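Asker:
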Amino acid sequence: MGSHILSPDEIDALLRAGRPEASQQGLLQVLTISAQGMVGPLQEMIKRPVKIEGPYVESLEHTLDQVISEESYVVPADLGQGELFAFISRADAKRFSEEIGRSAGAAVLILSQTWLEKLAGAVSSVLKQEAPLRLFQARELTLPELAALPVESGTVLIRHLLRWNQTGLELNLLWRDGSTFQALKKEKTPAAPLGAGRPKRGSVIKKCTSPVTEAAFLPLDLPSHAAEAHPITLVEDIDLLVEVELGQVELTLNELLELKPKTVIPLERHAGEAVDVFVNKNPVAKGEVVVLDEHFGVRVLEIVPAAERIPND
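What the sequence shown shows, in the numbering used here, is residues 786 to 1098, in sequence order.
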C-alpha cells in the first residue's frame, strides 16, 4: 500500500486489529467541529484569511521518526481518559511565530492550547459529559528523540493543513487510546461533512514501513501558568510592574553618540495609534495616552486575548 491515509469512507478501518468494527462518526464529528471552530481564532491571531484542510486521519503503524520527518515542537495533553500530543515542525513554528510576534515555543503553545480547547469542548458536547483538558509545556524533540518514542497499537494521527496567502503550516495530533477515545469511536451521532479525496502531503509526513511497538512517552512538567484551584485573595496584594510602550526605534551606535538636548527621536508607531500596556513584561491591553490632573495616564481601549498573554519563553 502506497499510503495509509484514509478517506472518510474508510475511516472505520481505524479500529484496533482483531476488534469488531464500530462507528467512528463521533470521532470524526469532534475533529471536524474543532477544526471549523479554529478558523476565527486563527484569523484573529495572524490578521489574514485562513483556510483549514482536514482533518485527515491515519492509523498510526510506525514509530514517530518515520512519520514525522522534521525536528518538531510537541505539546502533550490529557483529554478526559485519553492522551493527545500536538506536533508542529520547527520550521512551521518559526513561520507562525513571526506572524503573531511571539517566540516559537510560545507560538506553538498558544496554537495548541486554543486548538485543544476547541477539541475538548466538542468532545464534551458529543459525549454529553465534561472531558477535562490538561496541557503540558511545549518542548522541542530531535529526530533521535522521536525515534525513542515508539507508538502503541490503536493510536491515530490526525493532520490539518493551515493555509494563508501563499504559506501555511501543518498541525499533527497524535491521539492515543483511552476510554474517552473509545467512547468517541462508538458514538453514532451524525458527523459533519468532511472533504473528500486525499490531501497533498505536507513536508512533515513521510511514508514508512516500521512495526508497531508500545509507546513510552517521557513525563513532562506542567507549564508555570497552568491554572490552580487557589482563591484569588491569595494574590490580590501582590505588586505588579505596569509599563506603557509609546513605540520603538532602532538607532546605530553613531546615532546614539550624536544625541544632544532637543534632539527628536522619531518612533515607528504612528500618531494616534494605540499604545501597548505591559504587566510584568507581558502584553495585557492597548490604550491611548491621556492627561489627568497634570499626570500622564492611559485609557484602556482593548484587552489582549488571554491566549496571547501567555508569558514568553
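No residue lacks a Cβ here, since even glycine has one placed at the ideal position from N, Cα and C.
Keep in mind that this is a model prediction, so the values were computed, not measured.
Using 8 Å for Cβ pairs, my map puts Thr940 next to Leu869. What's the rounded Cβ distance?
Answerer: The pair is not a contact, with the Cβ atoms about 11 Å apart (cut-off 8 Å).
Asker: I want to know whether the stretch 870-878 touches the stretch 912-919 - three or more CB-CB distances under 8 Å.
Answerer: No: the two stretches stay apart, fewer than three of their Cβ pairs being nearer than 8 Å.
Asker: Where does Lys1071 fall in DSSP's three states?
Answerer: Lys1071 falls in the strand class under three-state DSSP.
Asker: From what residue to what residue does the beta strand (DSSP E) around Asn1065 run?
Answerer: Careful: Asn1065 lies outside any beta strand (DSSP E) and carries neither H nor E.
Asker: So, are the CB atoms of Leu959 and Leu942 less than 8 Å apart?
Answerer: It is a contact, given that the beta carbons lie within the stated cut-off.
Asker: Could you say which of Leu1025, Leu1086, Val852, Pro861 lies nearest to Lys1066 if we only look at CA atoms?
Answerer: Of the candidates Leu1025, Leu1086, Val852, Pro861, the one whose C-alpha sits nearest the C-alpha of Lys1066 is Leu1025.
Asker: How is the beta strand (DSSP E) around Ala1059 delimited, first residue to last?
Answerer: Neither: Ala1059 is in no beta strand (DSSP E) and is coded neither H nor E.
Asker: What separation, rounded to the nearest whole angstrom, lies between the Cα atoms of Arg1084 and Ile873?
Answerer: In a straight line, the C-alpha of Arg1084 is about 38 Å away from that of Ile873.
Asker: What does DSSP give as the partner residue(s) for Pro861 in the beta ladder?
Answerer: Phe870.
Asker: Name the residue from Lys836, Leu849, Glu925, Gly811 whose alpha carbon lies nearest to the alpha carbon of Val860.
Answerer: Minimum Cα distance to Val860 is reached at Glu925.
Asker: At the level of alpha carbons, what is the spacing between Ala905 and Pro1090?
Answerer: Near 19 Å, if we compare the C-alpha coordinates of Pro1090 and Ala905.
Asker: Which residue's Cα is closest to the Cα of Leu920: Asp863, Ser888, Ile885, Ala892?
Answerer: Among Asp863, Ser888, Ile885, Ala892, the Cα nearest to that of Leu920 is on Asp863.
Asker: Sort Thr899, Lys1071, Gly1032, Val1075 by Cα distance to Ile1088 and report the nearest one.
Answerer: Checking every option, the nearest Cα to that of Ile1088 belongs to Lys1071.
Asker: In whole angstroms, give me the CA-to-CA distance for Val852 and Lys836.
Answerer: About 24 Å.
Asker: Between the C-alpha atoms of Lys903 and Leu1077, what's the straight-line distance to the nearest angstrom?
Answerer: When rounded, the distance between both Cα atoms is 43 Å.
Asker: Quick one: does the C-beta of Leu1077 sit closer than 7 Å to a heavy atom of the ligand SAH?
Answerer: In the structure shown, the ligand SAH is absent, as is every other ligand, since no ligand is present at all.
Asker: Whole angstroms are fine: how far does the CA of Glu838 sit from the CA of Gly953?
Answerer: Roughly 11 Å separates the two Cα atoms.
Asker: How far does the beta strand (DSSP E) with Gly1099 in it reach, from first residue to last?
Answerer: Residue 1099 is absent from the model: the chain starts at 786 and stops at 1098.
Asker: Below 7 Å CB to CB, which residues in the same chain sit around Val824 once its five sequence neighbours on both sides are set aside?
Answerer: Correct list, in chain order: Val835, Ile837.
Asker: Considering just the uninterrupted stretch of the alpha helix (DSSP H) at Val893, what are its terminal residues?
Answerer: Val893 -> alpha helix (DSSP H) spans 889-912.
Asker: Taking the continuous beta strand (DSSP E) assigned at Lys836, which residues delimit it?
Answerer: Run containing Lys836: 836-844, per the beta strand (DSSP E) assignment.
Asker: When we look at the beta-carbon of Gly890 and count the other beta-carbons within 10 Å, is it buried (16 or more) or exposed?
Answerer: The residue in question, Gly890, is buried, as its Cβ has 16 or more Cβ neighbours within 10 Å.
Asker: Rounded to a whole number of angstroms, what is the C-alpha to C-alpha distance between Gly1082 and Val1074?
Answerer: If you take the alpha carbons of Gly1082 and Val1074, they lie about 6 Å apart.
Asker: Let's test the definition: count the other Cβ atoms within 10 Å of the Cβ of Gln821 and tell me whether it reaches 16, buried, or not, exposed.
Answerer: Answer is exposed; the Cβ neighbour count stays below 16.
Asker: Going by C-alpha to C-alpha distance, which of Val1069, Ala933, Ala916 sits closest to Val1029?
Answerer: The shortest Cα separation from Val1029 among Val1069, Ala933, Ala916 belongs to Val1069.
Asker: Glu1079 to Val1062, Cα distance in whole Å?
Answerer: Spanning the two alpha carbons is a distance of roughly 20 Å.
Asker: For the candidate residues Asn950, Asp1022, Leu1031, Ala916, whose alpha-carbon lies nearest to that of Lys832?
Answerer: Here the closest residue by C-alpha is Asn950.
Asker: CB-CB under 7 Å to Glu882, same chain, minus the five flanking residues each way: which ones, in chain order?
Answerer: Checking the sequence shown, residue 882 turns out to be Ser, not Glu. Cβ neighbours of Ser882 beyond the five flanking positions: Ser888, Ala889, Ala892.
Asker: The alpha helix (DSSP H) that contains Leu816, what's its start and end?
Answerer: Counting along the chain, the alpha helix (DSSP H) containing Leu816 begins and ends at 810-822.
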